[in-house]
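These notes are about the structure you will find just below.
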Amino acid sequence: MNQENLQHGVHLYFYCHSRAKHDGVLLSEWLLEQAKAHGLGGGSVFRAIAGFGRHGVLHEEQFFELADDLPVKIEFLLREEQAELLLQLVRSAGVDATYARSPASFALLGKH
């Protein structure tokens, strides 16, 4: 990896349930749309096979009644100022979600 291309920033993660909505839109889609609309790098959504959150309810694929509301993680690799912008958008919109952030180093490989 060419050190000149290495960027330092933030790995920003949001956690919610797959059916969580904000303004009538799935929260995962809303977050991706906000990031895209503001030119904030890329994001991905990952569905868990099991998990529980702050309310202590276990959601697993094997329990039919809870399988359609599995935990999801929406994550972004961003520069520090981009992460702050996205967090401000989320706060201003009154989104109900949990987030985490950690330092990240990233670069593009191959032809750009």
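Residue numbers in the sequence shown follow this note's numbering, run continuously in steps of one, and reach 112 at the last position. Ideal placement from N, C-alpha and C gives every residue a C-beta, glycine not left out. On a predicted model such as this, the values are computed, not experimentally measured, just so you know.
- The residues F14, L31, Q34, A97 and Y99, in chain order, have a CB closer than 8 Å to that of V90 in the same chain once the five nearest residues on each side in sequence are set aside.
- Per the C-alpha coordinates, the member of E81, K36 and A93 positioned closest to K21 is A93.
- Put simply, the backbone Cα of P71 is about 22 Å away from that of A83.
- S102 is bridged by DSSP to H11.
- Straight through space, the alpha carbons of H11 and G42 are spaced by roughly 11 Å.
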